[in-house]
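Numbered per UniProt numbering, the sequence shown finishes at 666, counting up by one with no gaps. Everything on this sheet refers to the single structure shown next.
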Amino acid sequence: MSQDSEPLSDVVSRRRFLLTSGAVGATSLAGCTSGSDSTDTPDSGDGSGDGSDGGSDGSDGSSGSQNLSGDIRISGSSTVYPVAQEVSRRFQSPDFAGHDQVSFNLTRDGSSGGFENVFIPGDSDINNSSRPISQKEVQRCRDNGFEPVEFFIAQDALTIVVNNDADWIDSISLEDLKTIWSPDTAPETWSDVNSDWPDEPIDLYGAATTSGTFDYFTEAVVGEEGEIREDFEGTEQDDLIAQGVSGSEYAMGYLPFAYYTNNPDTVKALSISESGSGPVEPSLEGAQSGNYPLARPLFFYANMNKLQAKTHLQEFIRYYINEAEKDYVANEIGYVPSSSDMVEQNLANLEAGIAGEYEFGSENSGGSSETLSGDIRISGSSTVYPVAQTVSRRFQSPDFAGHEDVSFNLTRDGSSGGFENVFIPGDSDINNSSRPISQEEVQRCRDNGFEPVEFFIAQDALTIVVNNNADWLDSISLEDLKAIWSPDTAPETWADVNSDWPDEPIDLYGAATTSGTFDYFTEAVVGEEGKIREDFEGTEQDDLIAQGVSGSEYAMGYLPFAYYTNNPDTVKALSVSEGGSDPVEPSLEGAQSGNYPLARPLFFYANMNKLQDKNHLQEFIRYYINQADEDYVANEIGYVPSSSQMVEDNLSNLQQGSAGEYEYSG
């Protein structure tokens with residue numbers, strides 16, 4: 001990959017990468033045997049050989065010709081750790097003159113843990129990773145002032161293992177693996193999955209949630225990154241997974257092939273089938289060809305600022321790249337070595353990084369690599385407003401160089417009011433919305449010459465609130481809510497709805513009719529969008545709803561959970577039941593799971609014409625998308641952040657919209 005090409009993580013998925021490329025110009029594994037090859041000693045790169053490893057134009061030859069000194073901090077993946085450990089040991093070998101003053105600090109933090117806690121904050125030079133860096137992580141590197149430089153280093157065949165005494169199983173399908181590990185099924189016994197298997201509890205061991213192996217496994221097996229049943233033992237230590245499985249007769253786990261192949265007597269490896277195909281055993285050949293269903297690429301990433309500043313880091317990475325295609329990567333460690341084509345591309349990335357010219361994914365780069373200027377008009381929902389307000393403030397932060405000339409105009413018009421009066425006429429770039437755009441609104445956008453591009457941004461738990469003194473009411477059913485708010489019933493007193501409630505007039509506060517929250521509430525509660533009794537106080541201002549309810553002992557209203565959670569002492573939130581089910585209190589967890597009856601998605605829409613014309617708008621939306629899955633969306637604002645899958649889908653919509661190829665399909 002040159003500095004102008006897309007990163008592996010954007011070009012293809014983890015699985016498809018292997019299936020389509022065979023690891024990019026397949027390296028032959030024929031003739032590889034156990035033990036060290038004499039040509040793989042460290043001095044093969046000192047420039048004194050036959051020239052096959054010479055020079056800085058694609059070699060490690062220059063590193064042996066000078067005395068180097070300094071420290072190198074390598075964080076990240078425990079899967080990639082054995083490669084980095086062996087290469088750094090060889091780099092420091094006494095046989096390799098001039099490197100004895102280079103010191104290494106290698107830690108196993110997990111891919112995600114390494115990115116989050118060490119690499120992105122700028123505390124490590126290199127982060128090993130068993131999955132591609134995410135767009136969010138790239139953006140956070142840029143927010144911290146540096147570009148991450150990508151290097152593909154090897155391939156792994158992630159290995160499913162069981163206890164050695166499990167003579168009743170030799171292979172398993174991806175479909176059964178999903179059943180076992182998915183939180184939606186979470187079988188208790190093996191016979192719950194297959195009646196021919198033992199009626200014994202399943203004991204599960206796997207990678208910690210900070211691990212890239214965890215990210216890969218959950219996406220490849222369960223179907224969504226991070227989605228997994230909770231009752232498994234997670235760890236960053238492969239030996240603890242192996243110990244757990246070996247110590248429990250009915251256990252299952254997963255390990256890097258390198259660990260399994262160096263400890264083949266500890267646990268039993270299963271062959272894997274997919275979609276009715278024959279089972280394939282884990283092997284380097286299967287990983288290389290892509291025939292093995294759980295084949296995956298391995299990477300490391302370097303901080304470009306540190307790469308430019310540290311000559312010894314440059315030379316180590318040059319050496320690392322060339323070593324990664326050596327036979328000992330297969331024979332002694334247990335991974336598929338880099339191909340010659342990948343070595344060439346890695347060296348191109350290295351030279352671009354040293355020159356300060358590397359940019360991770362030119363079509364997907366963040367805004368920090370250039371100065372941006374222009375205005376962005378955001379209209380619409382007051383519910384989504386706090387997210388847009390926070391993201392735009394962060395985008396303009398002095399810590400984010402090059403954005404100070406981007407100005408924002410944010411207004412709270414309501415979802416419907418924003419569409420009707422601002423966005424559809426073409427006066428705003430973005431319209432926030434607390435409900436999906438309607439087909440009529442889509443058509444009106446098209447009539448005005450542009451396509452609306454949809455972005456799912458968060459989830460809300462719309463909260464029913466009453467006065468703090470309403471000690472006679474802690475929960476309410478959707479059926480009673482409908483009776484209260486419907487124009488067909490419109491009871492005057494609480495006792496008219498339930499004889500156990502006070503014989504006092506009902507005082508109602510809610511969203512204005514121009515609000516997407518109004519549209520959602522009337523459809524979800526009354527049963528028809530826009531249908532509601534007339535004698536309620538409607539407003540676009542959540543604080544006015546809260547003030548109204550807090551000032552009237554027998555009042556009721558509804559608010560976004562973000563507003564309520566930031567003002568919990570102002571009003572009292574009710575739990576909500578539906579169809580005779582137990583009441584569920586409003587919460588982020590309830591919104592995320594869908595158990596809370598008034599959970600709802602939140603969106604924003606962009607004008608595709610403006611998106612194509614305004615580079616600063618593209619970069620802001622890219623930043624917005626990546627920020628929307630940050631923890632502060634929950635912790636500081638009060639909504640459920642976007643999932644990693646939704647971020648990926650949003651980035652795809654952005655790319656199509658920027659190219660003028662997006663079409664709203666509903």
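Quick reminder that beta carbons are idealized off the backbone N, C-alpha and C, glycines included. All figures in this text were calculated on a predicted structure; none of them were measured in a lab.
Just so you know, the alpha carbons of Q396 and G380 end up roughly 21 Å apart. Note that the C-beta distance between A186 and D231 is below 9 Å.
Per the C-alpha coordinates, the member of Y520, H312, L372 and E492 positioned closest to Q101 is H312. Between the stretch 405–412 and the stretch 457–467 there are fewer than three inter-stretch CB-CB distances shorter than 8 Å, so the stretches are not counted as touching. Approximately 15 Å separates the beta-carbon atoms of V384 and F521; this is outside 8 Å, ruling out the contact. Within the stretch 456–517, the runs of beta strand (DSSP E) at least 3 residues long that lie entirely inside it are, in chain order, 463–466, 475–477 and 507–511. Straight through space, the alpha carbons of E344 and N263 are spaced by roughly 33 Å. Linking I317 to Y335 through their CA atoms gives a straight-line distance of about 19 Å. Beta-bridge partners assigned by DSSP to E233: Y205. Residue ranges of uninterrupted alpha helix (DSSP H) with 4 or more members, entirely inside the stretch 519–584 and ordered along the chain, are 542–550 and 561–566. The C-beta separation of S124 from R89 comes to about 18 Å, leaving the pair out of contact by the 8 Å criterion. A Cβ-Cβ separation of about 5 Å places V549 in contact with V571 under the 8 Å criterion.
Under the DSSP assignment, D375 falls in the beta strand (DSSP E) whose first and last residues are S373 to G380.
In this structure, S171 sits near S273, with a CB-CB distance shorter than 9 Å.
Ranked by how close their Cα comes to the Cα of P337, the residues R377, L347 and K326 have K326 in first place. In chain order, V442, E451, P452 and E454 place their CB closer than 7 Å to the CB of Y664, counting only its own chain and leaving out the 5 sequence neighbours on each side.
The alpha-carbon of I354 is positioned some 24 Å away from that of K136. Where T159 is concerned, there is no enclosing alpha helix (DSSP H), although the beta strand (DSSP E) around it starts and stops at T159 to V162. DSSP, reduced to helix, strand and coil, places I321 within a helical segment of the structure shown.
Each residue's CA atom was taken as its position, placing R533 and N567 some 27 Å apart. If you draw a straight line from the Cα of E236 to the Cα of F119, it comes to about 17 Å. Taken in chain order, the complete alpha helix (DSSP H) segments of 4 residues or longer contained in the stretch 134–219 are 135–143, 174–181 and 212–217. Excluding residues up to 5 positions away in sequence, E224 and E225 lie with their Cβ nearer than 8 Å to the Cβ of Q645 in the same chain. Proximity of the stretch 615–623 to the stretch 575–591 falls short of the contact definition, fewer than three beta-carbon pairs being nearer than 8 Å. By the criterion of a C-beta distance shorter than 7 Å, N421 is surrounded in its chain by D413, once the five residues flanking it on both sides are discounted. Rounded to whole angstroms, the gap between the alpha carbons of Y662 and D613 is 15 Å.
The Cβ atoms of N349 and E150 lie closer than 9 Å to each other.
For L598, the secondary structure class from DSSP, reduced to helix, strand or coil, is coil. Collapsing the DSSP output to three states places Y254 in a strand. For F115, no pairing in a beta bridge is given by DSSP.
Of the residues D507, A470 and G516, the one whose Cα lies closest to the Cα of D500 is A470. Secondary structure of Q101 (DSSP, three-state): strand. By the Cβ criterion, the stretch 127–135 is in contact with the stretch 74–81, since at least three pairs of Cβ atoms, one from each stretch, lie closer than 8 Å.
Contact between the stretch 493–512 and the stretch 592–601 is absent, with fewer than three C-beta pairs closer than 8 Å. Pairing I484 with I506 gives a Cβ-Cβ distance under 9 Å.
Sorting G510, P502 and D488 by C-alpha distance to the C-alpha of W494 places P502 at the top.
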